[in-house]
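>
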Amino acid sequence: MELPFAESWKIKMIEPLKKSTREQREQWLKEAHNNVFMLKAEQVYIDCLTDSGTGAMSDRQWSAMMLGDESYAGATSFYKFQEVVQRLFGFKYVIPTHQGRAAENVLFSYLVKEGNVVPGNAHFDTTKGHIESRHAKAIDVTIDEAKDTQLEIPFKGNVSLEKLEKVLVENKGNVPFMVLTVTNNTVGGQPVSMKNIKETCELCHKYGVPVVMDSARFAENSYFIKTREEGYADKTIKEIAREMYSYVDAMTMSAKKDGLVNMGGFIATNREEWYEGAKLFCIPFEGFLTYGGLNGRDLNALAVGLDENTEFEMLETRIHQVQYLASKLDEYGIPYQRPVGGHALFIDADKVLCNVPKEEFPAQTLTCELYLEAGIRGCEIGYILADRDPVTRENRFGGLDLLRLCIARRVYTDNHMNVIAAALKNVYDRRNEITRGVAIEWEAPLMRHFTVKLRRLGK
Numbered sequence: 330m331e332l333p334f335a336e337s338w339k340i341k342m343i344e345p346l347k348k349s350t351r352e353q354r355e356q357w358l359k360e361a362h363n364n365v366f367m368l369k370a371e372q373v374y375i376d377c378l379t380d381s382g383t384g385a386m387s388d389r390q391w392s393a394m395m396l397g398d399e400s401y402a403g404a405t406s407f408y409k410f411q412e413v414v415q416r417l418f419g420f421k422y423v424i425p426t427h428q429g430r431a432a433e434n435v436l437f438s439y440l441v442k443e444g445n446v447v448p449g450n451a452h453f454d455t456t457k458g459h460i461e462s463r464h465a466k467a468i469d470v471t472i473d474e475a476k477d478t479q480l481e482i483p484f485k486g487n488v489s490l491e492k493l494e495k496v497l498v499e500n501k502g503n504v505p506f507m508v509l510t511v512t513n514n515t516v517g518g519q520p521v522s523m524k525n526i527k528e529t530c531e532l533c534h535k536y537g538v539p540v541v542m543d544s545a546r547f548a549e550n551s552y553f554i555k556t557r558e559e560g561y562a563d564k565t566i567k568e569i570a571r572e573m574y575s576y577v578d579a580m581t582m583s584a585k586k587d588g589l590v591n592m593g594g595f596i597a598t599n600r601e602e603w604y605e606g607a608k609l610f611c612i613p614f615e616g617f618l619t620y621g622g623l624n625g626r627d628l629n630a631l632a633v634g635l636d637e638n639t640e641f642e643m644l645e646t647r648i649h650q651v652q653y654l655a656s657k658l659d660e661y662g663i664p665y666q667r668p669v670g671g672h673a674l675f676i677d678a679d680k681v682l683c684n685v686p687k688e689e690f691p692a693q694t695l696t697c698e699l700y701l702e703a704g705i706r707g708c709e710i711g712y713i714l715a716d717r718d719p720v721t722r723e724n725r726f727g728g729l730d731l732l733r734l735c736i737a738r739r740v741y742t743d744n745h746m747n748v749i750a751a752a753l754k755n756v757y758d759r760r761n762e763i764t765r766g767v768a769i770e771w772e773a774p775l776m777r778h779f780t781v782k783l784r785r786l787g788k
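Under my numbering, the first residue of the sequence shown is numbered 330, with each subsequent residue one higher.
1. What are the boundary residues of the beta strand (DSSP E) that includes Y741?
2. Between which two residues does the beta strand (DSSP E) holding P613 run?
3. Please return the same chain residues whose Cβ sits closer than 8 Å to the Cβ of L378, not counting the five positions on each side in sequence.
4. So what's P483 in DSSP terms, helix, strand or just coil?
5. Any chance you could list the alpha helix (DSSP H) runs of at least 4 consecutive residues sitting entirely within the region 378-457, in chain order?
6. Which residues mark the beginning and the end of the alpha helix (DSSP H) in which V590 is found?
7. Compare the C-alpha of V521 against each of E399, L644 and S489 and name the closest.
8. Label E770 either buried or exposed according to how many other C-beta atoms from any shown protein chain fall within 10 Å of its C-beta, with 16 as the threshold for buried.
9. Threshold first: 4 residues or longer. Then list the alpha helix (DSSP H) segments lying entirely within the region 543-574, N to C.
10. Figure out for me which residue from D743, Y374, V414 and L635 has the closest Cα to the Cα of L699.
11. Is it right to say E499 is buried, meaning 16 or more other beta carbons lie within 10 angstroms of its own, or is it exposed?
12. Whole angstroms are fine: how far does the CA of N724 sit from the CA of I713?
13. Taking buried to mean at least 16 other C-beta atoms within 10 Å of its own C-beta, is F407 buried or exposed?
14. Helix or strand or just coil, what does DSSP make of W357?
15. Quick check: the Cα distance between L628 and R546, rounded to an integer number of angstroms?
16. Buried or exposed: which applies to V720, given that a residue is buried once 16 or more other Cβ atoms fall within 10 Å of its Cβ?
17. How about K680 and F726: do their beta carbons lie closer than 8 Å?
18. If we ignore side chains and look at the alpha-carbon of each, how far apart do I612 and W603 end up?
19. Determine the burial state of C683: buried for a count of at least 16 other Cβ atoms within 10 Å of its Cβ, exposed for fewer.
20. When the Cα atoms are used, what is the spatial distance from V423 to V511?
21. Is there contact here, the region 771-780 with the region 451-458, by at least three beta-carbon pairs under 8 Å?
22. Does the ligand NAP have even one heavy atom less than 7 Å from the beta-carbon of Y604?
23. On the three-state DSSP scale, how would you describe Y665?
24. Got a sec? Which residues, its chain only, sit under 8 Å from F420 by beta carbon, not counting five neighbours each side?
25. Hey, which unbroken runs of the alpha helix (DSSP H) at 4 residues or more fall wholly within the region 464-527?
26. Beta carbon of F506, beta carbon of V447: below 8 Å?
27. So what does DSSP say about T639, is it helix, strand or coil?
28. Assuming the contact rule is C-beta atoms closer than 8 Å, T619 and G403 should be a hit. Round their C-beta distance to whole Å, please.
29. Could you pull out every residue in the same chain whose Cβ sits closer than 7 Å to the Cβ of N761, ignoring the five residues on either side in sequence?
30. Out of T764, Y653 and D718, which has the shortest C-alpha to C-alpha gap to A750?
31. Measuring alpha carbon to alpha carbon, tell me which residue in T742, A737, D716 and Y741 is nearest D730.
32. When you compare the region 432-440 with the region 467-483, are there three or more beta-carbon pairs, one atom per stretch, that lie closer than 8 Å?
33. What residues in its chain sit with their C-beta under 6 Å from that of A632, if we drop five residues either side in the sequence?
34. On the premise that I648 lies in contact with L753, defined as a C-beta separation below 8 Å, what is that separation, rounded to the nearest angstrom?
35. If you draw a straight line from the alpha carbon of G384 to that of N638, how long is it in whole angstroms?
36. Are there 16 or more other CB atoms within 10 angstroms of the CB of G502, so buried, or fewer, so exposed?
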């Protein structure tokens, strides 16, 4: 008899969870203006808002924290962290930051000028925000197949070389860099193949354009290359990651995902001029170059986490749980972005709430309904997150409208996945009764989804 799959770790510490009544959740959601970001954590039963900084650290990471060197300059913790980054990614110059958006802020402050064009495979919210806040333009060059949520292809996060070349030709001399995101979060945590990474970089370099890899989930992308791409089955995750970064010019990383820490990020490159330029912004924005907004103990934990999460067994356990939840949704016929990605399930709200018009934000409505059903907090990755066009100020309805259910690393059990699936089924079964969505009462001019105030319609 074949043995069933089991986690590659055991539980050492627990944190209690609290259930609530529907009446309580209705009141809490009303007080939060139908924006789940505004809920208190204690009002949430299972939290799938994000996988950023929400994972559980290992015993080795907690041990490393006890040895943190909190010296302002030249701390031993920085050099431990730097050695791991240099070994894993092959970059000489390393600048720590307090998280991924800080890394973007530091590097983009040096590289992005007003009027620039920055292509990318579906820039995520902060990346696009850092570009547009500098009055530059972010252009999506993801393959068209990514928009068909029911299409099964192995590397749905790939760059369209035709779209990319069109941008490079039409904006020659005005493209400071291209952003290559692995995995591609905005289209459903979809991976990018090694072949596409190589060809994208070759095309950009042909036009003299550097490539910056947005690396929040690089390890998960490496896992999919190993398990889905011909020629990589016998390579280690570390070998695959090292090859990925051999093609690009720099990386920014939110280490709160595949670094397995609660806070942290960094920039790394072999371009000395970029390092020197970024240094000028790191010190006033983040702090001195050997701590960059982080404690020494955080740097120690990150060094261990990067090493841990580039081992196959750790990634296999993590991605297996996401696949398990997907299998339950398959049983119930609930449509999501296929094939399932590495860190989350992305429910196709347009296919679930067919009676809610796009102007009333179906994915945000589905997010609210799931919370009311069982206290499960997800996150809209859709029309609200897309923000308004910076020129016309019209809502951008051209992309996907998804409810993202992120699975925190090493936190929940498969029993929690069963609860999530059952709650979604309950909402799905009454989908035809949901005919109205939400309306915006107040919004920020940029990255509005974090603080938007919404009014539920038809109630």
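Glycine included, every Cβ here is placed at the ideal spot set by N, Cα and C.
In short:
1. It is not in any beta strand (DSSP E) - Y741 carries neither H nor E in the DSSP assignment.
2. Taken as a continuous stretch (DSSP letters only), P613 belongs to no beta strand (DSSP E), being part of the alpha helix (DSSP H) at E601 to F614.
3. V365, F366, R706, G707, C708 and C735
4. coil
5. 388-394, 405-418 and 429-440
6. Run containing V590: none; DSSP gives neither H nor E here.
7. S489
8. exposed
9. 547-557
10. Y374
11. exposed
12. 8 Å
13. buried
14. helix
15. 18 Å
16. exposed
17. no
18. 15 Å
19. exposed
20. 19 Å
21. yes
22. The ligand NAP is absent from the structure shown, which contains no ligands of any kind.
23. strand
24. V414, Y574, A579, M580, A597, T598 and N599
25. 490-499
26. yes
27. coil
28. 6 Å
29. N684
30. Y653
31. D716
32. no
33. K409, F410 and V413
34. About 20 Å; that fails the 8 Å criterion.
35. 12 Å
36. exposed
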